[in-house]
Amino acid sequence: MSTNLATRASGVSNPAGATAPAGNHSALPVKAGGMAKRRRRREARAAFLFLLPDGIGLTVFVGIPILLAIGVSLFSVSGFGDYVYVGLKNFQRMGSDTLLWQSVGVTLTMLIVFVPVTFVVALALAMLVKDRFPGVGVVRAIFFLPNVLSLVVIGVLWQFMLVDKQGVLTNLGGIFGLQDVSWLGTPSLALGTLIVISIWFTMGYQMFLFLGGLTDIPNEYMEAAKIDGASAWQRFTKITWPLLAPTSFFVLVVSIVAAVTGVQAFDLVYILTKGGPANATTTVVFYIYQQAFTFGDYGYAAAITTLLVAFLVIVTGAMLLVTRGGRFNADAD
Amino acid sequence: MPTQTETEVPSMTQAESAQAQISHHAPRTLAASVPRARRRARFASSERRSTIIRAVIAWILALITMFPIIWLIIGALRPADQTFSPGLSSSFTFDNLSQVLTQVPFPLYLMNSAIVSIAVTLAALLFHSMAAYALARLRFTGRGTVFLLMISTMLVSLPVILVPLFMIVKQLGLVDTYAGLIVPVIFNAFGIFLLRQYYLNIPKELEEAAELDGCGYGGIYLHVILPLSKPILASLAVLFFLANWNSFLWPLTITQSPNLDVIQLGISTLQGQYSSAWGLIMAGSLVAAVPTIIVFLLGQRWLVDSLKTTGSKG
């Protein structure tokens, strides 16, 4: 190390000395203090360069769009390009927009049903395949398999299985006297069908998240509890559940974000129902898309986007508070 | 642990007794009055029964989960007049697949999807590992702030910022171009977050050794950090490839010309044009699904590792 520093210092001793004349590092000789400072500056410059591509990319393609949404929400945009400042008119319009509130209701239903059901299903699957049995690896992979398919493929596949009067699942329903049910064409059933498909798509992913948490629980705890005669249910409630809390929390966060803004809230709706029948499956993100790209109303779409971002910031902010306020940067300077 | 118990049990292996000793540390309320091994033997048989029950339930559920995917394959291989026949015994044909690959420009769709997914994956791995290296291993003022700012973008997914993002990409003149398909979706803080997490655990000594050898920060990144991060880069490569191969909303928004259609748009077009030709639509879906299933099977180990880490790091 010393030779390295020496060669480096010898080339620059003069400027280094010049930049640190004040000698803030009281105990150090002027030259060494300048060297440390120079090194730190070199490190900071390297960090800047390493961060540059992602820094620019995230700013241009995420940061600015968020700010732009707020800006554009104050304008009325006609066709392509004519901006007229309208103040808060776009926001005022929301109050009387019943279709918007219907879409909020759809997204909330999604949230209230999808999140807990998927949680329970995924956790149950994880408990089921946690320990070895013949073919456990294959079974785990099968549960995950729907998640590697695109939602477009999933959408057309389920549509195919649910074709009125002919699809294989429609016929299966016939066994239970549900032959004439149109699963995707009935307003009161379409959202439920969509949620079932979303659960099928997501459960394997969440199962693996739970498996990660479960493998962290020391086996000795379970062994000891078994020897002490604890039942399987007791072992679950007294050992597994409390120790799994961080994972459960993470799964919930991921699941909530997915239900409100994930691709399933758009792709699946677009392919399966286009928001119908009678707007019964129009989610908020699908409604925003329609406003912007079907009706060309960028201003109004931007206004709804602004409120959605605000909602997400508040929700995740609250979650960060619950999780000991951003422990992400625990090791930052 | 009383030695007496151990001698009573000839079948107890060393590993088992070692485990029993470890379990000593765990909380225990019952006194060890009943010979522990006898109880253990009783558990063993009931445990075997419960394993069998678990295996049977798991396999049944797995087959149910699998059913739609099997139906996709069957649907793609059936002749048009038997699309909806209920049994499995109807005849099979490759007509749908060959029609999709010759009459519908699926080879073009496949190539576009491959170009976009591979380009995004490579660029994302490079940029994210660079950023993660800086955030995990280099000291500079404002590091915590930069990290929090980057991570906070994880809140916002594409459907949320779609409209303003489209406007910006339009301003940049990238609508209906490959660059428009690729560049905006590279940047994603999830990759930065996972890589940084990984880099925090690399021992400092390795960097110091490289520095002794005269490596600058660029050299350390190239010769120390990148080689060490092969497993996590592999997991992220699988994740990024799948996400981009499967993406639909962004290509739908940003492209107009059919020459730029990716595979998911191709299926959606097929759905619109041949709404009742289910054999054709299923064949197209199968063609789109096969690469993802292959990538999943090849990269399963890494993918699963990264998922488990995400779950346990919470």
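Just so you know, the protein sequences line up as chains C and P, in that order.
Reminder that position 87 of the first sequence reads as 87 in the working numbering, one-by-one numbering, no gaps.
Start counting at 1 in the second sequence, then tack on 333, and there's your number in the working numbering.
Even glycine gets a Cβ: it sits at the ideal position worked out from N, Cα and C.
The beta carbon of I314 (chain C) is closer than 8 Å to none in its chain, skipping five residues each way along the sequence.
Below 8 Å, enough C-beta pairs join the stretch 609-619 of chain P and the stretch 152-171 of chain C to call them touching: three or more. Taking 8 Å as the threshold, the shortest C-beta distance from Y85 (chain C) to chain P does not fall below it. At least 8 Å separates the beta-carbon of S562 (chain P) from that of L533 (chain P). Around the beta carbon of R411 (chain P), 16 or more other beta carbons lie within 10 angstroms, which makes this residue buried.
With its beta carbon at least 8 Å from every one in chain P, I195 (chain C) lies outside the interface. Taking the Cβ atoms as the reference, I494 (chain P) lies roughly 7 Å from V62 (chain C), within the contact range of under 8 Å. For V163 (chain C), the secondary structure class from DSSP, reduced to helix, strand or coil, is coil. In the three-state reduction of the DSSP assignment, S188 (chain C) falls in the helix class, which pools H, G and I. Just so you know, the alpha carbons of T282 (chain C) and Q291 (chain C) end up roughly 12 Å apart. Burial check for L631 (chain P): the Cβ neighbour count within 10 Å stays below 16, so the residue is exposed. As for any alpha helix (DSSP H) of minimum length 4 sitting wholly inside the stretch 561-594 of chain P, the runs are 563-578, 582-587, ordered along the chain. Residue range 82-85 is occupied by the beta strand (DSSP E) that includes V84 (chain C). Where W233 (chain C) is concerned, the enclosing alpha helix (DSSP H) starts and stops at 232-235.
Cβ atoms of L211 (chain C) and A303 (chain C) stay farther apart than 8 Å, at about 42 Å. Comparing C-alpha distances from D82 (chain C) to each of C:Q166, C:S188, C:G296, C:K37 shows the shortest one belongs to C:G296.
Among the residues of the stretch 286-301 of chain C, those with a Cβ less than 9 Å away from any Cβ of chain P are F286, I288, Y289, Q291, A292, F293, Y298, A301, in the order of the chain. For T202 (chain C), the closest Cβ of chain P is not nearer than 8 Å. Interface annotation, G408 (chain P): in contact with chain C, CB-CB separation under 8 Å. Take the alpha-carbon of L514 (chain P) and the one of R40 (chain C): they are about 39 Å apart. Comparing alpha carbon positions, the residue from P:I600, P:V637, P:G605 closest to P440 (chain P) is P:I600.
Counting the other CB atoms within 10 Å of its CB gives Y289 (chain C) a total of 16 or more, which places it among the buried residues. Those residues of the stretch 492-520 of chain P placed with their C-beta closer than 7 Å to a C-beta in chain C are P492, V493, I494, L495, V496, P497, L498, M500, I501, P517, I519, F520, ordered along the chain. Separation of V479 (chain P) and F48 (chain C) (C-alpha to C-alpha, rounded to the nearest whole angstrom) is 11 Å. Put simply, the CB of Q597 (chain P) is near chain C, with a gap under 8 Å to one of its CB atoms.
Near chain C, meaning a CB-to-CB distance below 7 Å, the residues of the stretch 387-407 of chain P are R387, A388, I390, A391, W392, A395, T398, M399, P401, I402, W404, L405. By alpha-carbon distance to Y85 (chain C), the top candidate from C:G167, C:I70, C:T98 is C:I70.
With a threshold of 8 Å between beta carbons, Y550 (chain P) makes contact with chain C.
A straight-line Cα-Cα distance of about 21 Å links S383 (chain P) and M207 (chain C). The CB of L471 (chain P) comes closer than 8 Å to the CB of E43, A44, A46, A47, F50 in chain C, given here in chain order. A Cβ-Cβ separation of about 7 Å places I239 (chain C) in contact with I217 (chain C) under the 8 Å criterion. Interface with chain P (8 Å Cβ-Cβ cutoff): G262 (chain C) is included. Cβ proximity to chain C below 7 Å picks out F460, H461, M463, A464, Y466, A467 from the stretch 457-470 of chain P.
Taking a beta-carbon distance threshold of 8 Å, L157 (chain C) counts as an interface residue toward chain P. Between the alpha carbons of I56 (chain C) and L308 (chain C) lies a gap of roughly 24 Å.
Following the DSSP letters along the chain, one finds A512 (chain P) inside the alpha helix (DSSP H) bounded by residues 511-515.
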